[in-house]
Each structure stands twice: as structure tokens, then as C-alpha cells.
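Visitor: In the numbering used here, the protein residues as written are 462 to 633. Sharing a structure with you now.
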Amino acid sequence: WILLCFLAPALVFVFMLSVSRIPRELIWDNARESIGWILEKGTYTWFLNEDDRGTEIDSYFDAQLLDIAIYLDEGRPVETVVKCPYYLNEELYTALKDLMDKDGETASDTEYARYWNGTAGVLRLLLLFWDLSGIYRFQIFLGLALLAVILLLLWRKGEVSFLLAFLAGLWC
């Protein structure tokens with residue numbers, strides 16, 4: 462277990478260094494489409510009470526990870542993987558619009574080092590193939606495939622009670 466505790470972060474770091482070497486030009490078209498999709502969805506505002514304004518976390522987090530994934534830099538892989546720079550310009554949705562208008566040629570102005578956990582790296586890798594809405598569809602397909610495998614394994618083992626409990630848990 463001790464070896465795993467050291468090996469897992471090292472493997473994540475190596476993965477992040479590897480995907481940061483993907484040139485921005487290869488992901489920019491899908492990143493641009495993703496920015497457009499996020500901006501089209503808009504900001505969903507909700508209120509904690511009449512004085513405290515909040516936002517729907519999903520779109521904001523997607524936008525932030527997309528911004529970080531764009532700024533993983535093949536020229537400075539270690540620095541960008543550890544510091545996770547991105548362009549904020551005081552408000553993330555405005556920053557994404559600026560980023561799209563300037564074809565990604567805007568210097569980062571913020572760092573968010575706690576996101577070197579690999580999520581932005583996975584997103585950068587998937588941006589080679591799909592935009593953000595395509596990545597969502599891929600996640601749905603992958604989730605349904607894994608669900609089918611779990612259900613099949615439970616059925617084959619004759620664990621009908623676990624199968625029914627699992628399905629009931631999904632239903633609720």
C-alpha cells in the first residue's frame with residue numbers, strides 16, 4: 462500500500478506531463494467548439510437567499526477545466542502541470558469569450574494548483590477527438606457499457622438479490 466501511495470501520484474504526474482506535450486493546435490478546434498457550447502448554455506443562476514447569488518457549478522467547473530486544459534503547455538510541461546494556469550480576466554465566462562475571440566493566444570493570468578489531479582489532462586486528451594458535448598456523449602456511452610457489464614456479471618454469478626438491489630438503487 463505504501464508503494465501504491467507513492468506510485469499513483471507519480472503515474473498521474475507522468476500522465477499529465479505526457480498530455481501537456483500535445484500541441485494546442487491539435488485540440489484548439491474542439492476547444493473552440495466547447496467554449497461556444499458552454500457560452501451558448503449560459504450561466505444558470507440560483508439564489509441561496511435574496512441577497513446571496515450563486516451559480517450552477519456544472520457549467521462553471523466545465524469552463525474552468527477546459528480553460529486549464531487549454532493552457533497545459535508543451536513548452537513548459539512541468540510548470541503548467543503543477544501550477545495549472547488559466548485565463549480568468551475577473552470572470553470566467555467573459556474570459557472564455559475573449560479566449561475564443563483571440564484564438565487561444567491570450568496569456569494566462571491565474572493559477573489553480575489543486576487541479577493537477579489529472580482531470581484537465583484527461584480532458585485535454587479527449588479534446589483530441591471530441592468537443593465537450595461529444596465528451597459528454599462518450600461518458601454516457603462508457604457509463605452505460607460499464608453498467609451493462611456489472612449487471613451481466615451479477616446475473617451470471619446468480620446474484621439475483623444483489624442485481625435487484627443494484628437496480629433498485631439506480632432507480633431511486
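Even for Gly, the Cβ is constructed at its ideal location relative to N, Cα and C.
#1: Determine the contact status of Arg585 and Ile496, defining contact as a CB-CB distance below 8 angstroms.
#2: My assumption, with CB atoms under 8 angstroms, is that Asp534 sits in contact with Leu557. Please give the rounded CB distance.
#3: Measure the C-alpha to C-alpha separation of Met561 and Ala471 and round it to an integer number of angstroms.
#4: Run through the stretch 546-621 for me and flag every whole alpha helix (DSSP H) of 4 or more residues, listed as ranges in chain order.
#5: DSSP on Leu500, reduced to helix/strand/coil?
#6: Taking the beta carbon of Gly582 as the centre, do at least 16 other beta carbons fall within 10 Å, making it buried, or is it exposed?
#7: Do you know whose CA, among Cys633, Leu500 and Val539, lies nearest Arg482's CA?
#8: Applying the criterion that 16 or more other CB atoms from any shown protein chain within 10 Å of the CB defines a buried residue, is Arg598 buried or exposed?
#9: Return the first residue and the last residue of the alpha helix (DSSP H) that Glu540 is part of.
#10: Can you tell me whether Ile529 is helix, strand or coil according to DSSP?
#11: If you draw a straight line from the C-alpha of Leu624 to the C-alpha of Ala606, how long is it?
#12: Could you tell me the distance, in whole angstroms, from the CA atom of Gly619 to the CA atom of Leu613?
#13: Assign Glu535 to one of three DSSP states: helix, strand, or coil.
#14: May I ask you to report which of helix, strand or coil DSSP gives Cys633?
#15: Under 8 angstroms between the Cβ atoms of Lys544 and Ser520?
Guide: In terms of the structure at hand:
#1: No, Cβ-Cβ distance for Arg585 and Ile496 is not below 8 angstroms.
#2: Contact between Asp534 and Leu557 fails: their C-beta atoms lie close to 18 angstroms from each other, not under 8 angstroms.
#3: Their backbone Cα atoms lie some 33 angstroms apart in a straight line.
#4: Within the stretch 546-621, the alpha helix (DSSP H) runs of at least 4 residues that lie entirely inside it are, in chain order, 553-562, 580-587 and 593-617.
#5: In this structure, Leu500 counts as helix in the three-state DSSP scheme.
#6: Gly582 comes out buried.
#7: The residue with the shortest Cα to Cα distance from Arg482 is Val539.
#8: It counts as exposed.
#9: For Glu540, the enclosing alpha helix (DSSP H) covers residues Pro538 to Lys544.
#10: Residue state, collapsed to three classes: helix.
#11: The alpha-carbon of Leu624 is positioned some 16 angstroms away from that of Ala606.
#12: One C-alpha to the other measures close to 10 angstroms.
#13: In this structure, DSSP gives Glu535 a state outside helix and strand, which the three-state scheme calls coil.
#14: When secondary structure is reduced to three states using DSSP, Cys633 falls in the coil class, being assigned neither helix nor strand.
#15: Going by C-beta atoms, Lys544 is not nearer than 8 angstroms to Ser520.
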